[in-house]
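Participant:
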């Protein structure tokens, strides 16, 4: 049952008097340019269209004085914008890149209280850790309630391999349920070895005693971040991505505004604000130093790398967590959007706008994952579909030597000039952090909000109002969408999915009627590109990474879909051919550097090709003989067919070994460069002479014999004339 916040009010006349007094106390009339949100218990669905980005930027340039200017469009910044605008404060938010372009889109995708932190709270009798877990569990329940389309409860298995750990883990997880109280998702339970393997069949069975299953939440983090920002915009906040702050202005030693720059056009202007909130995550200290260049740094950045593996690495509806890996870090693999997220690392790092995953970090995760899977599931480097690094903005504590011991507690700090900084914390507690930050801004700048208390607990997010678990059926029936596409639209956009479907183009097929996919392996359709532009996507990277999640799910598929996506964006945004090509180039660099494409390629290219020009030509010829259909690759069926031609009886296991030997990027296809690498390795003695190589030679010998027979036949025919 949803919690309802009852707004306390008097008679209509008294309410009008409060409104009038607030309006008169403002330095410019809200009637002319700003209408504060009238908040109900759960908020009605806002039907007015979103202002375009151009309209939002024009509002920022109009010379108005805002109550609050928020710097940073991540989860916390967007949360601050929603909190401030629903209290009736005139709110502006600017983000130098895109909403959720930093850490907020590169998370674990979990909505959790922190099992680890509760363990520390109990073992170390740490009341602060306990309070943090208690708060996070409340916020977990709130997120599942206010955005049901973007979130879901997720059972997570803790496999137990020592009998003494069964009561230890069981007690710890039951305490987790107890702390959550009436906000618990579902109760945890113990599973026998047999039942554990039934639910998680890919788990290693040796020495397994059983498992403990508990529940946390899971989300689509980038779209959640965007939905919060769009909700703020629908309730009156002025928000703009790709707008940076270049300078802070002061009057009599107090902050009074900032210099802004539109990164899309290069135009700069000044904006006036009574209070400025710094919600820039890992870049917290750069804004603090803009305010005071002598200030001491408070952010201790840590890199967390995640990888995405094929969906068969985990059951579709259950994740796995090990709270104690070989080096003390937590490892997990979780089902997400038909793939499996595995992670994570936790290493000190430098702050950068373009964090990159490294091969060592990817191999660490794969090694740890391998420890928990049975021998039938081969953990292969080529199974890494994408990889990314997110910078966690942890709050530093000089008394603790390493980042693993840092709790993600947040701090709210107000500088002498009035800069309100929110630092640290975690995704799950974005709302409570935002409420505390806006409280500090109101107090420090003596602002006069319509509502003193935060209004966002239980406040429905964009898309949640009309969403139901079966809403996708209407999309199928009313629009003729493929079921998988309809389910995806319902989960990504909630009740706004109907607006997306209306933009879909005809397929020209009997079924589905509308919805052209941008990539055949994923449910993303052309209409989402057009709708994404209305959600303030300005670049191809905005689209493939954060409006669609294609870059995070499969970097190769994202690269393949990129030209078609850019073509639609060019239509919507009126790009020239030169601009379209520039966007494709920038997006390709993003995929290569930040989404793991380059490290994937580098791991494959470690095998050198030491062949002469003549040998390369010979092997190319052999490859083409096997690739009869000129696909550019050979599949396991091509191999089976070729071997059958020579009467070789090959088992499925032997075919698997052949494919394993030569398919270095593990996509079930052997491409020419992989074949050349294998032949080079055979020639240099790095691998044994393989059945596949022999098969290629036999194919070539067969064709040479056939060619010789044909030549003899022709010569004999010619001799008889």
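Residue numbers (mature numbering (1 follows the signal peptide of the UniProt record, and there is no 0)): -23 to -1, 1 to 698. Backbone N, C-alpha and C fix where the C-beta goes; we use that ideal spot for every residue, glycine too.
If we require 4 or more residues per run, which alpha helix (DSSP H) segments fall completely within the region 361 to 435?
Facilitator: 407 to 422, all fully within the region 361 to 435.
Participant: Cβ atoms of residue 347 and residue 361: under 8 Å apart, would you say?
Facilitator: No.
Participant: Less than 7 Å between C-beta atoms, sequence neighbours within five positions excluded: which residues of the same chain meet that for residue 520?
Facilitator: Counting only Cβ-Cβ distances below 7 Å, and skipping sequence neighbours, we find 506, 509, 514, 542, 546.
Participant: Among 366, 334, 279, which has the Cα closest to the Cα of residue 325?
Facilitator: For residue 325, the nearest C-alpha among the options comes from 279.
Participant: How long is the line joining the alpha carbons of residue 603 and residue 536, rounded to whole angstroms?
Facilitator: Distance between the alpha carbons of residue 603 and residue 536 is about 28 Å.
Participant: Report the partner residues of residue 280 according to the DSSP bridge assignment.
Facilitator: Its beta-bridge partners are 324, 368.
Participant: Can you tell me the Cα-Cα spacing of residue 286 and residue 249, whole angstroms?
Facilitator: Computed Cα separation, rounded: 48 Å.
Participant: When DSSP builds the beta bridges, which residues end up paired with residue 194?
Facilitator: DSSP lists 88, 130 as partners of residue 194.
Participant: Enumerate in chain order the residues of its own chain whose CB-to-CB distance from residue 572 is below 8 Å, with the five nearest sequence positions on each side excluded.
Facilitator: Excluding positions up to five away in sequence, the list reads 363, 364, 365, 522, 528, 529, 532, 535.
Participant: Let me check understanding here. Comparing Cα to Cα, which of 371, 358, 451 lies closest to residue 341?
Facilitator: Ranking the options by Cα distance to residue 341, first place goes to 358.
Participant: On the three-pair Cβ rule with 8 Å, is the region 51 to 62 touching the region 397 to 415?
Facilitator: Yes, since at least three Cβ pairs between the region 51 to 62 and the region 397 to 415 fall closer than 8 Å, the two stretches touch.
Participant: Note down the Cα distance separating residue 151 from residue 607, rounded to an integer number of angstroms.
Facilitator: Taking the straight line from one Cα to the other gives about 59 Å.
Participant: Determine whether the beta carbon atoms of residue 167 and residue 133 lie at a separation below 8 Å.
Facilitator: In this structure, residue 133 does not lie closer than 8 Å to residue 167 by Cβ.
Participant: For residue 221 and residue 238, which I take to be in contact (beta-carbon distance under 8 Å), what is that distance rounded to the nearest angstrom?
Facilitator: Yes, they are in contact, since the Cβ atoms of residue 221 and residue 238 sit about 5 Å apart, within 8 Å.
Participant: Mapping the DSSP letters down to three states, classify residue 352 as helix, strand or coil.
Facilitator: Looking at residue 352 - three-state DSSP - the assignment turns out to be coil, as it is neither helix nor strand.
Participant: Check the Cβ-Cβ distances between residue 266 and every residue of chain B, and say whether any is below 8 Å.
Facilitator: The chain inventory of the structure shown lacks chain B, comprising one protein chain alone.
Participant: Given 8 Å as the limit, is there contact between the region 447 to 454 and the region 403 to 416, that is, 3 or more CB pairs closer than that?
Facilitator: Flag = no, the region 447 to 454 and the region 403 to 416 do not touch.
Participant: Out of 75, 316, 481, 214, which one is the CA nearest neighbour of residue 41?
Facilitator: Considering only alpha carbons, the answer is 214.
Participant: Can you list, in chain order, the residues of its chain with a C-beta nearer than 7 Å to that of residue 98? Leave out the 5 residues immediately preceding and following it.
Facilitator: Closer than 7 Å at the Cβ level, and outside the excluded window around residue 98, lie 106, 107, 110.
Participant: Could you pull out every residue in the same chain whose Cβ sits closer than 7 Å to the Cβ of residue 234, ignoring the five residues on either side in sequence?
Facilitator: For residue 234, where only same-chain residues beyond five positions count, the Cβ hits under 7 Å are 226, 247, 248, 249, 250.
Participant: Taking the beta carbon of residue 403 as the centre, do at least 16 other beta carbons fall within 10 Å, making it buried, or is it exposed?
Facilitator: When all chains shown are included, residue 403 counts as buried.
Participant: So residue 113 and residue 90 are supposed to be a Cβ contact under 8 Å. How far apart are they, rounded?
Facilitator: With a Cβ gap of about 4 Å, residue 113 and residue 90 count as contacting.
Participant: Using the Cα positions of residue 481 and residue 466, report the straight-line distance between them to the nearest angstrom.
Facilitator: Between residue 481 and residue 466, the C-alpha separation is close to 12 Å.
Participant: For the alpha helix (DSSP H) holding residue 123, just list the boundary residues, first then last.
Facilitator: That run of the alpha helix (DSSP H) goes 104 to 123.
Participant: Around the Cβ of residue 289, are there at least 16 other Cβ atoms within 10 angstroms (buried) or fewer (exposed)?
Facilitator: With fewer than 16 Cβ atoms within 10 Å of its Cβ, residue 289 is classed as exposed.
Participant: Enumerate in chain order the residues of its own chain whose CB-to-CB distance from residue 160 is below 7 Å, with the five nearest sequence positions on each side excluded.
Facilitator: Within the same chain, residue 160 has close Cβ partners 114, 115, 118.
Participant: Closest to residue 282 by CA distance: which of 272, 258, 422, 308 is it?
Facilitator: That would be 308, whose Cα lies nearest to the Cα of residue 282.
Participant: Can at least three beta-carbon pairs, one atom from the region 271 to 278 and one from the region 313 to 328, be found at a separation below 8 Å?
Facilitator: Yes, the region 271 to 278 touches the region 313 to 328.
Participant: Grab me the residues of residue 561's own chain with a C-beta within less than 8 Å of its C-beta, minus the 5 sequence neighbours each way, in chain order.
Facilitator: Contacts found: 517, 539, 540, 543.
Participant: Determine the burial state of residue 690: buried for a count of at least 16 other Cβ atoms within 10 Å of its Cβ, exposed for fewer.
Facilitator: Looking at its Cβ environment, which holds fewer than 16 other Cβ atoms inside 10 Å, residue 690 is exposed.
Participant: Which residue's Cα is closest to the Cα of residue 172: 272, 137, 82, 48?
Facilitator: Out of 272, 137, 82, 48, 137 has the C-alpha closest to the C-alpha of residue 172.
Participant: Buried or exposed for residue 497, please, with buried defined as at least 16 other CB atoms from any protein chain shown within 10 angstroms of its CB.
Facilitator: Classification for residue 497: exposed.
Participant: What does a CB cutoff of less than 6 Å around residue 781 pick up in its chain, not counting 5 residues either side in sequence?
Facilitator: Residue 781 lies beyond the stretch modelled for the chain, which goes from -23 to 698, so this question has no answer here.
Participant: Looking only at C-alpha atoms, which of 254, 284, 329 sits nearest to residue 700?
Facilitator: The displayed coordinates of the chain run from -23 to 698. Any statement about residue 700 would go beyond what the structure contains.
Participant: If you compare alpha carbons, which of 503, 470, 511, 457 is closest to residue 489?
Facilitator: Looking at the Cα atoms, 457 is the closest of the given residues.
Participant: Work out the CA separation of residue 210 and residue 371 for me, nearest whole Å.
Facilitator: Each residue's Cα considered, the two are about 29 Å apart.
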